[in-house]
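This note's numbering puts the first residue of the sequence shown at 104, with every later residue one more than the last. Taking it in order: structure first as structure tokens, then the write-up.
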Amino acid sequence: MRKHTTHEKLVDPPNVKKLLRVREVAAILGVSEVKVYALLKTGLPSVKIDGARRIQPEKLAAWIEQHCA
Numbered sequence: 104m105r106k107h108t109t110h111e112k113l114v115d116p117p118n119v120k121k122l123l124r125v126r127e128v129a130a131i132l133g134v135s136e137v138k139v140y141a142l143l144k145t146g147l148p149s150v151k152i153d154g155a156r157r158i159q160p161e162k163l164a165a166w167i168e169q170h171c172a
């Protein structure tokens, strides 16, 4: 197995999408970050990584379809 050095560029794996930060979701929805946290408490799906909330783009899209249609 080969180790990565600090000089190598890491490549994003195929078919893996970047998780969205609360600030990015707020911008997408056109609401405040405080409102996004409130939505997270009422069912907007997310994952918690070291205390930080992240939202999968596909789950955000599905949530929007379900709640804003």
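For each residue, glycine too, the CB sits at the ideal point set by N, CA and C.
{"query": "With a 10 Å radius around its C-beta and 16 neighbouring C-beta atoms as the bar for buried, classify isoleucine 158 as buried or exposed.", "result": "buried"}
{"query": "Among Leu147, Arg156 and Lys151, which has the Cα closest to the Cα of alanine 165?", "result": "Leu147"}
{"query": "Can you check which of these residues, Asp153, Pro116, Gly133 and Lys151, is closest to isoleucine 167 by C-alpha distance?", "result": "Gly133"}
{"query": "With a 10 Å radius around its C-beta and 16 neighbouring C-beta atoms as the bar for buried, classify serine 149 as buried or exposed.", "result": "buried"}
{"query": "Where does leucine 123 sit, in a helix, a strand or coil, going by DSSP?", "result": "strand"}
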